[in-house]
Each structure stands twice: as C-alpha cells, then as structure tokens.
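Colleague:
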Amino acid sequence: MSLPPLKPLHSDETLIQLKLDQFRQTPTNELIKSLAPGQAGALKAKPDGTLLDGHHRIKVLRERGVDVNALPREIVSRV
Numbered sequence: 746m747s748l749p750p751l752k753p754l755h756s757d758e759t760l761i762q763l764k765l766d767q768f769r770q771t772p773t774n775e776l777i778k779s780l781a782p783g784q785a786g787a788l789k790a791k792p793d794g795t796l797l798d799g800h801h802r803i804k805v806l807r808e809r810g811v812d813v814n815a816l817p818r819e820i821v822s823r824v
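According to the numbering used here, the sequence shown is numbered sequentially starting from 746.
#1: Figure out for me which residue from G794, K752, V805 has the closest Cα to the Cα of L776.
#2: Do you know offhand how far K789's Cα is from D798's?
#3: Would a C-beta distance cut-off of 9 angstroms place R818 and A787 closer than the cut-off?
#4: For the region 747 to 812, list the alpha helix (DSSP H) runs that are entirely contained and at least 4 residues long, ordered along the chain.
#5: Alpha carbon to alpha carbon, how far is H800 from T759? Give it in angstroms, no decimals.
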C-alpha cells in the first residue's frame, strides 16, 4: 500500500529557526533514524499524510533532496 505524500500541519514560517539550524548540523542518516517508528521522536502523520511530529527534521531532509514521502511513519488516526 502506498502512503499519501506528507503535508505540513504548520507553515514553514512558524518553524523555529534555532531548531532548523541544529538539525542542519545533523547528518542525514541520523535525522532519518530519529524519525523511525518506535523512536521517541518518530515521524507521525494522520492517514491523509498531515504531519503531526517531525516538521523540522522533514523540512531539513527536503532541503537535502531526500524523498521524505518514502520514509516509514506512524499513522495516528486520532489526536
């Protein structure tokens, strides 16, 4: 089953610059591992692809050309 594309819940303008700067110093493979299901900061999204957790890391990975839509995610039906 193909997952829907990830879409941000918040606009880029609302992201915290300090967090973005910190994540930009983190290697790509570490960012991807930190988003893996089961991790404390796992990538979480609604069934329609709306991001619930991982906004800053996903933004940085997109900047690096990573296909974030292919990343495993935890689906959260209710928040």
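All residues carry an ideal CB built from backbone N, CA and C; glycine is no exception.
Modeller: Judging by the given coordinates:
#1: Closest option to L776, Cα to Cα, is V805.
#2: Rounded to the nearest angstrom, the two C-alpha atoms are 5 angstroms apart.
#3: Result yes, Cβ atoms of R818 and A787 sit closer than 9 angstroms.
#4: Qualifying alpha helix (DSSP H) stretches, in chain order: 762 to 769, 773 to 779, 800 to 808.
#5: If you draw a straight line from the Cα of T759 to the Cα of H800, it comes to about 10 angstroms.
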